[in-house]
Amino acid sequence: MRNFLRNILMLILSMNCGLAIAQTIVQPKIMVIPYTKEGEDIRTVLENDATKRIALAKIKEAFDERNVSTIDFVARLKAANTANVMNMDNQADVKSAIIDMSGADIYVEAEILCQQDIVQGQNKPETRVKINLTAYDIATGASLANKIGECGPFYTDDIAKLSMKAISSIADDFLNTIQTKFTEMAENGRSIMMYITFDANSAFTMESEVGNDGLTLQDEIELWIDANSYNNNYHLQGVSPLNMVFDDIRLPFVDENGATYTVGKYSMAVLKFFRSLGISISRSLKGNTLYITIK
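With mature numbering (1 follows the signal peptide of the UniProt record, and there is no 0) as the guide, the letters of the sequence shown map in order to residues -22 to -1, 1 to 273.
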C-alpha cells in the first residue's frame, strides 16, 4: 500500500512538473531607445532634449512596473562610449553597435513628440504629449508591434506626468503583442525572407547543373533550405531561370551553443553552401530580408 501511494504521488508530481514546463513562457529582454532621424546623432539626442530624456525614463518605468525585463539604454550608451564605439563615423553603425551589444532580445524605438502652447490667461502652457512605440526583433530586424499613445491637452508643464499617462494608455496592449510574437518565435522559429538573383555576367541560371548529383541549382538550393530551416519549415514563393524567392524561412531561435541565431549567422551559412558548389555570391541584409546575388 505504501509503495502504491508513493507511486501515485510520483505520478502526480511528474504530471504537475510537465504542466509547469508546458506553461513556461520565455520572456524577452527589452531595451527602449530614442527615435532618430537619418543622420541624427544618437549620442546627443538625449543630451540636447530634456523632454526625450524624461519620456524615455517613463517608458522604461512603465515596462518595469509590469515586470518586464528591461535594459537601460543610457547605461549601454555609456558602455559604448567606453568601448570607443562612438568613434564610428556612420550614425547607423553607432546605433546598430549599441543595439547589438545591449544583450536585449527586442528593442523598442520611441518617437516622442511634445507640443506646448502659451494660452492667454493661463499660467501654465497647454501641453500635449504623443509617444509612438515600435518594437523590433534584434536578431532579424522584423517589426513586432506598433502603438501610439497620446495625452493632453492639459494646462501643465509636467511633461513627466503626461508622458506616463500616454505610455500607460498603450503599455499593456503593446507588451502583450510583443510577448505573443516573441513566444511564437520561440516555438516556431524566426521568419526571414530570401531573394536570390543573378549578376548580369553570371555563367549560371537556376537550370544549371551543379554539384555531384547532377541536380539543377534551384534543386540544390531548395534541398539545402529544407535541411537548414527550423523543423524544415519554409515556403518557396516562386522560381524562374533568373530568380528564386523564399517568402518565409524559419530560423532556430538559438544556435547549438545557446546563443541567439541571427539572420547574419544564417547568411554566413548560405555563403558556405554556395562555396561548396563552387559558386561565388554577394550578400546584403535589410531588416529580416537576405538578398543573394550569384556571380
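Beta carbons are placed, not taken as given, at the ideal position from N, Cα and C, and that holds for glycine. Remember, predicted model here, so these are calculated numbers, not experimental data.
Whole-angstrom C-beta distance between Glu198 and Val188, which should lie under 8 Å: At roughly 6 Å, the Cβ-Cβ gap stays under 8 Å, so Val188 and Glu198 are in contact.
DSSP-derived helix/strand/coil call for Leu153: In the structure shown, Leu153 sits in a helix (DSSP, three-state: H, G or I).
Proximity to Lys38 [Cα-Cα], best of Val52, Asp27, Glu25: Here the closest residue by C-alpha is Val52.
At least 3 beta-carbon pairs within less than 8 Å: the stretch 137 to 154 vs the stretch 171 to 187: Fewer than three beta-carbon pairs drawn from the stretch 137 to 154 and the stretch 171 to 187 are found closer than 8 Å, and the two stretches are therefore not classed as touching.
Residues that DSSP places opposite Val107 in a beta bridge: Paired residues: Cys92, Cys129.
Pair within 8 Å by beta-carbon distance, Ile203 and Ile272: Going by beta carbons, Ile203 and Ile272 fall outside the 8 Å limit.
Phe176, DSSP secondary structure in three states: Residue state, collapsed to three classes: strand.
Alpha-carbon to alpha-carbon, Ile270 and Ser260: Straight across, the Cα-Cα distance linking Ser260 with Ile270 is about 6 Å.
Cα-Cα separation between Phe231 and Pro103, rounded to whole angstroms: If I take the Cα positions, the gap works out to 49 Å.
Supposed close pair residue 300, Leu122 - CB separation, criterion 8 Å: Only positions -22 to 273 of the chain appear in the structure, and residue 300 is not among them; the question remains open.
Beta carbon proximity, Val46 to chain B, threshold 8 Å: Judged by its chain identifiers, the structure shown contains no chain B, having just a single protein chain.
Cβ-based burial, Lys30 [other Cβ within 10 Å; buried from 16]: Burial call: buried.
Selection from Asp191, Ile11, Lys15 that minimises the alpha carbon distance to Ile84: Ranked by how close their Cα comes to the Cα of Ile84, the residues Asp191, Ile11, Lys15 have Ile11 in first place.
Sequence-distant residues of the same chain with beta carbon closer than 6 Å to Phe41, five excluded per side: Correct list, in chain order: Thr48.
Val248 versus Asn206 - alpha carbon distance: If I take the Cα positions, the gap works out to 9 Å.
Member of Asn221, Tyr244, Asn110, Gln93 whose CA lies at the smallest distance from the CA of Tyr133: For Tyr133, the closest alpha carbon among the candidates Asn221, Tyr244, Asn110, Gln93 is that of Gln93.
Own chain partners of Ala57 with C-beta closer than 8 Å, once the 5 adjacent residues on each side are dropped: Met79.
For Glu128, the nearest candidate out of Leu268, Thr105, Asn190, Asn235 (CA to CA): The alpha carbon of Glu128 has as its nearest neighbour, out of Leu268, Thr105, Asn190, Asn235, the alpha carbon of Thr105.
Cα-Cα separation, Asn(-20) to Asn235: With a pLDDT of 44 at Asn(-20), under the threshold of 50, the modelled position of that residue is not reliable, and no figure is offered here.
Bridge partners - Asn124, DSSP secondary structure assignment: In the DSSP output, where bridge partners are listed per residue, Asn124 has Thr112.
Whole-number beta carbon distance between Leu153 and Val46, since they are thought to touch under 8 Å: So it is a contact: roughly 6 Å between Cβ atoms.
Residue nearest to Glu165 in terms of C-alpha spacing, selected from Gln196, Gly17, Asn209, Ala149: Taking only the C-alpha atoms, the option nearest Glu165 is Asn209.
8 Å Cβ cutoff met for Lys143 and Ile126: No.
Neighbourhood of Ile77 by C-beta, 8 Å cutoff - its chain only, sequence neighbours within 5 removed: Apart from the 5 residues on each side of it in sequence, Ile77 sits with its Cβ closer than 8 Å to the Cβ of Met9, Ile11, Tyr85, Ile116 in its chain, given in chain order.
Spatial neighbours of Ala(-1) in its chain, beta-carbon cut-off 7 Å, leaving aside the 5 residues before and after: Caution is warranted here: a pLDDT of 37 is assigned to Ala(-1), below 50, making its placement in the model unreliable, and the coordinate value is therefore given only provisionally. Nothing meets the Cβ criterion.
Endpoints, the alpha helix (DSSP H) within which Thr22 is located: Looking at the DSSP string, the run of the alpha helix (DSSP H) that includes Thr22 is 20 to 26.
Asn266 vs Thr118 beta-carbon contact at 8 Å: The answer is yes: Cβ separation under 8 Å.
Buried/exposed call for Ala181, threshold 16 Cβ in 10 Å: With a 10 Å radius around the Cβ and a threshold of 16 neighbouring Cβ atoms, Ala181 comes out exposed.
Buried versus exposed call for Arg44 [16 or more other C-beta atoms within 10 Å across all chains shown]: Answer is exposed; the Cβ neighbour count stays below 16.
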